[in-house]
Every structure is written in structure tokens, then in C-alpha cells.
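Before any comments, here is the structure.
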Amino acid sequence: IPEDLYHLIKKAVAVRKHLERNRKDCDGKFRLILIESRIHRLARYYKTAGQLPPTWKYESATASALVA
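Per the working numbering, the sequence shown starts with residue 10, numbered consecutively.
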């Protein structure tokens, strides 16, 4: 995984963990959507550049395993 993508995934995992504890944090939810949009956009770029396999997919459920 490229470094910038790795750090975005790490940030998304942290925000998701925060939202589990603070469910009413609407701004946090919005920021998570923005972060995950950025992850998808960057992943699309890396797939076309050949740095990620075409089958690679970001899933929030498996994201913490990618970062750990």
C-alpha cells in the first residue's frame, strides 16, 4: 500500500473508532465521509498507475487489519 493511502486509511480507522464512542458527532461522520471519498479517489489513481492490483478494494470492516 502506498504511504499516503496508508495514512488516510489509518485516519479513517481512528475516526470510525471515535464515532463508536461518540455516536452523535455529526461533524465527525461528515469528516469520515470526506476521508473515505479521498481513499476511493486515491485508490482509483493507484490502480490505473499500476501500484495497486485492480482487484484491491477499501472496506471499512477490514481497514483496521490493513493498518495494524
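Beta carbons are placed, not taken as given, at the ideal position from N, Cα and C, and that holds for glycine.
Since the structure is predicted, the reported quantities are computational estimates derived from the model, not experimental observations.
Selection 70, 72, 52 evaluated against residue 64 yields 52 as nearest (Cα-Cα). Boundaries for residue 10: no alpha helix (DSSP H) harbours it, and the DSSP string shows neither H nor E there. Contact check between the region 16–35 and the region 66–75: three or more CB pairs, one atom from each, fall below 8 Å, which counts as touching. Take the alpha-carbon of residue 71 and the one of residue 26: they are about 13 Å apart.
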